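Participant: Here the protein sequences line up with chains A and B, keeping their order.
Whatever position you read off the first sequence (first residue = 1), add 381 for my numbering.
Whatever position you read off the second sequence (first residue = 1), add 13 for my numbering.
Beta carbons: idealized from backbone N, C-alpha and C, even for Gly.
For clarity, every value in this text was computed on a predicted model and none was experimentally measured.
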Amino acid sequence: MEKGRDESREVNPDESAWLARAQAGDLVAFERLMETYVTYVRGIVALNTPVKHLVDEVAHETFVFAFKNIREVKSGTSFRYWLAAIAKNKLRATVKRFALDQKNQTNLRLFGDFYEKKEVCESKSAEDDDILHLQACLGKLPPKMKELVHLRYYEKNSSETIAGMLSQSSAWVRTSLFRMREQLRECVERQRLRSA
Amino acid sequence: MDAHWIESYLSEEMTPAEEASFERALLEEPGLAELFNSQWRFHRALEVLYAPDEDRKVCESVMEVIGCAETKDFIGSVMADIKHHATEKVGWLDFFSIRGSLFAAMAVLIVLGLFLFSGVFSSRDKDGVSIVSGNGVARVNGTVGSQRVGAGESLAVPEGEKVALRYADGSTVELLSGELFLPPSDGKKIKLLSGQIAASVEPQKKPFLVESPRWTVSVKGTRFTMKSSEKNDLLFVGQGRVEVCGNGTEKGEVVSVADGEAVEWRGGIKHLGKIQEGDLDLLQGEVLVEEEFGDGVETRWENAQALADGANEKGVVGSKPCQQGKHEIKRFFKGNGFVSYDAKAVFHLKIKIEKPANVGVLLADGGYLHCNRSLRQAGQWVTLSIPFSEFVMPASVAKLGTVARDQDLEGKKLRYVKVETSSGASFQVGRLWVSSEKKLSLPTSMTIKKGENEN
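Right, here's the structure in full:
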């Protein structure tokens, strides 16, 4: 990805000013930056963590680390991708600790080999924007699918309940939710290719 | 079929046997595992992106929902932490290492400002307490800063908001809901009138006292969470140790609570042993267990007391109260009595919890059988009807025995009783779990030697 083009398209004009103020120790400015990127960071962690409850823990550590080291962000560097790199490193370290607990081994095994990767992510990777693509893709879902997402993830209804509400079978609900996530995955991959 | 399986697993709608079978398939079929991993990533991301139910009022549209109120809480907690770090950082060593005269000048102004206007560093105010954040940020005249509060003042937070207090020695008390009062005192003391606090108390020479209407907690340096409501009080110690002393008629009773342990007020101070901090919200749930037997025998439990109606042997005198809402609820049988079940039995569990949770029931005799159910409807009474056929026996447990013994389980006696019915082996309820974790931690084995303590 061409960094310059990406920056001009996506960076909030106030961001550079907030960053400069945060680097001078202004907590309000740092909070503005955090408000801008909190969903992004939590989303990146959510997409990659084997256990849901690690999301906030890792995101929290990411922002505290970012605050302590914010003077390291050089002019022209993308603050977002700098945060993403911190989040991924923090996640890897947290999962390593988590993996020591034998009780959690099954979750890690099921989740695949993400944590086997040894490289330290210091620069942007193609997956860093996945959470932004996901938000965009959610907006493009057909109304029926949006309703399904709402009922499942917002209202947290069971398949049986949703089936009753939509006058469908629970098998239909389960299959549709599966397909919806497949559609989102494909959409995210398309967006990733497009932005590259 | 894969779609149906994967969704059922992600939605926690499988029986334990189905879950075990699915997990085996994941390990054996790389194609299925790959598909599952991709689904799981997006499932989790959607769960995180969508705000919880209680934020509906604030977040109207689907896109607004994303990261809405959950995020506010999150930012508040991170900012509190960062402010703590920021305060620590303005020490002499850091001061001299600050690059640039502008920042140094700002630091001098901040320190002078604090010195002149807030008095935080004066000896007179060594026990001074300031509001350092309200819903993440306290704003005084548009800037983040300290707003001092003093003895005789009370603080209340509306639902969904919170306020953090910081003492001059670094101790912090977050009022997460409800109201607290700062009574006149020659030491540190707060009174939680209702709601919940999370406190982190620096080592104290004289105990930091936290009072509720029912008890007083004496703290010399620890991290703990405390809830007080009309119904009961709850205390969880995250680190260190506190002493809890009952007020009123219970005055004089002192209970020591250590790391990871909780106590609950239930007509007196009840020690709940070790619990998971995340399960504190489940503690105020209530449980009513009713059992129905395939052969028509029925034992009904009301308010967690067995009425011993129709059990197949006299002498079922009931149990201790179920310790309502306890993370791990156990029923202990007194005497030699027992309750039996046969293969047609259906277990009706009526339960009310404050947050979605998993519920597990264990039937124990010589070995044990268990089942798990996911419960999503919070805040209302729900009846779970679990057929006996859904209970499974782990492979690690040998054939079920028919002998009994008393077992010391986490410091409490659990009685396993010989059980016989016309249809063969049957079992008694051993334990009931309520857990916020996806997987309930069931015992891995429970071996009983034939003839041991046979009744």
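1. If the cut is a Cβ gap below 7 Å, which residues of chain B does Glu416(A) touch?
2. Would you call the stretch 393 to 411 of chain A in contact with the stretch 421 to 441 of chain A, where contact means no fewer than 3 C-beta pairs closer than 8 Å?
3. Extract the residue ranges of the beta strand (DSSP E) inside the stretch 216 to 290 of chain B, only unbroken runs of 3 or more that lie entirely within it.
4. Examine chain B for any beta-carbon lying closer than 8 Å to the beta-carbon of Val419(A), and answer yes or no.
5. Note down, in chain order, every chain B residue with its Cβ under 9 Å from the Cβ of Ile512(A).
6. Hey, is the stretch 239 to 247 of chain B in contact with the stretch 222 to 229 of chain B, meaning 3+ C-beta pairs nearer than 8 Å?
7. Which one of Thr443(A), Asp511(A), Ile425(A) has the shortest CA to CA distance from Glu567(A)?
8. Compare the beta carbon distance of Arg473(A) and Tyr421(A) with 8 Å and say whether it is the shorter of the two.
9. Any C-beta of chain A sitting closer than 8 Å to the C-beta of Gln217(B)?
10. Short of 8 Å Cβ to Cβ, which residues in the stretch 400 to 414 of chain A face chain B?
11. Is there contact here, the stretch 203 to 217 of chain B with the stretch 180 to 192 of chain B, by at least three beta-carbon pairs under 8 Å?
12. Please confirm if Val476(A) has its CB atom under 8 Å from at least one CB of chain B.
13. Within 10 angstroms of the Cβ of Pro29(B), are there 16 or more other Cβ atoms? Answer buried if so, exposed if not.
14. Which term fits Asp107(B), buried or exposed, when burial requires 16 or more other beta carbons within 10 angstroms of its beta carbon?
15. Pick from Pro524(A), Gly457(A), Val445(A): whose alpha carbon is nearest that of Ile88(B)?
16. Less than 8 Å between the CB atoms is what I'm expecting for Val267(B) and Arg254(B), so what's the real figure, rounded?
17. Could you pull the start and end residues of the beta strand (DSSP E) that Ala177(B) belongs to?
18. Report the residues of the stretch 16 to 35 of chain B with a CB closer than 7 Å to any CB of chain A, ordered along the chain.
19. Out of curiosity, what's the CA-to-CA distance linking Leu125(B) and Ala93(B)?
20. Note down, in chain order, each residue of its chain lying with its Cβ closer than 8 Å to the Cβ of Arg573(A), except the 5 sequence neighbours on either side.
21. Taking any Cβ of chain A, which residues in the stretch 40 to 57 of chain B have a Cβ under 8 Å from it, in chain order?
22. Is DSSP giving Ala212(B) helix, strand or coil here?
23. Hey, is Arg236(B)'s beta-carbon within less than 8 Å of any beta-carbon in chain A?
24. Looking at C-alpha atoms only, which residue of Thr430(A), Tyr418(A), Gly424(A) is the closest neighbour of Ala447(A)?
25. Which whole-angstrom value is the C-beta distance of Leu222(B) and Lys202(B), which I expect to be below 8 Å?
26. For Ser551(A), report the span of its alpha helix (DSSP H) as first-last.
27. For Glu32(B), I'd like the list of residues in its chain whose CB is within less than 7 Å of its CB, leaving aside the five on either flank, ordered along the chain.
28. Answer with buried or exposed for Lys455(A), where buried requires no fewer than 16 other C-beta atoms within 10 angstroms of its C-beta.
29. For Leu45(B), tell me which candidate among Asn245(B), Gly251(B), His17(B) has the shortest Cα-Cα distance.
30. State the Cα-Cα distance for the pair Phe559(A) and Trp463(A), rounded to the nearest angstrom.
Facilitator: With the given structure in hand:
1. Contact note: Glu416(A) reaches chain B through Ile88, using a C-beta cutoff of 7 Å and chain order.
2. Segment contact: the stretch 393 to 411 of chain A against the stretch 421 to 441 of chain A, fewer than three CB-CB distances shorter than 8 Å; contact not assigned.
3. Complete beta strand (DSSP E) runs here, min 3: 221 to 224, 228 to 232, 235 to 241, 246 to 252, 254 to 259, 267 to 271, 274 to 278, 282 to 287.
4. So yes, Val419(A) belongs to the interface.
5. Here the neighbours are Ala58, Leu62.
6. Contact between the stretch 239 to 247 of chain B and the stretch 222 to 229 of chain B is present: 3 or more CB-CB pairs across the two stretches fall below 8 Å.
7. Relative to the Cα of Glu567(A), the nearest Cα in the group Thr443(A), Asp511(A), Ile425(A) belongs to Asp511(A).
8. Inclusion of Arg473(A) and Tyr421(A) in the CB contact set at 8 Å is not warranted, their separation being larger than that value.
9. At a cut-off of 8 Å between beta carbons, Gln217(B) makes no contact with chain A.
10. Residues of the stretch 400 to 414 of chain A with a C-beta less than 8 Å from any C-beta of chain B: Ala405, Gly406, Leu408, Val409, Phe411, Glu412, listed in chain order.
11. The stretch 203 to 217 of chain B vs the stretch 180 to 192 of chain B: in contact.
12. False, the Cβ-Cβ gap to chain B never drops below 8 Å.
13. So Pro29(B) ends up on the buried side.
14. Low confidence applies to Asp107(B): its pLDDT is 37, below 50, so where it sits in the model is not reliable enough to give any reading.
15. Residue nearest to Ile88(B) within the set Pro524(A), Gly457(A), Val445(A) is Val445(A) (criterion: CA-CA distance).
16. Rounded to the nearest angstrom, the Cβ distance from Val267(B) to Arg254(B) is 12 Å, too far for a contact under 8 Å.
17. Taken as a continuous stretch (DSSP letters only), the beta strand (DSSP E) holding Ala177(B) covers 176 to 180.
18. Going along the stretch 16 to 35 of chain B in chain order, one finds Ala16, His17, Ile19, Glu20, Ser21, Ser24, Glu26 with a Cβ nearer than 7 Å to chain A.
19. For Leu125(B), the predicted structure reports a pLDDT of 41, less than 50, and the residue's modelled location is therefore unreliable. A value from the coordinates is still provided. One C-alpha to the other measures close to 22 Å.
20. The beta carbon of Arg573(A) sits closer than 8 Å to the beta carbons of Ala507, Glu508, Asp510, Asp511, His514 from its chain, once the five residues preceding and following it are set aside; these are given in chain order.
21. Taking 8 Å as the cut-off between beta carbons, the residues of the stretch 40 to 57 of chain B near chain A are Leu40, Ala46, Glu47, Phe49, Asn50, Ser51, Gln52, Trp53, Arg54, Phe55, His56, Arg57, in sequence order.
22. Under the three-state reduction of DSSP output, Ala212(B) falls in the strand class.
23. Any Cβ of chain A closer than 8 Å to the Cβ of Arg236(B) would place that residue at the interface, and such an atom is absent.
24. Taking only the C-alpha atoms, the option nearest Ala447(A) is Tyr418(A).
25. Under the criterion of beta carbons closer than 8 Å, Leu222(B) and Lys202(B) qualify as touching, at roughly 4 Å.
26. Here the alpha helix (DSSP H) through Ser551(A) covers 551 to 576.
27. Once the five neighbours on either side are set aside, the close Cβ partners of Glu32(B) are Tyr22.
28. It is exposed - the Cβ of Lys455(A) has fewer than 16 other Cβ atoms within 10 Å.
29. Closest option to Leu45(B), judged by alpha-carbon separation, among Asn245(B), Gly251(B), His17(B): His17(B).
30. If you take the alpha carbons of Phe559(A) and Trp463(A), they lie about 33 Å apart.
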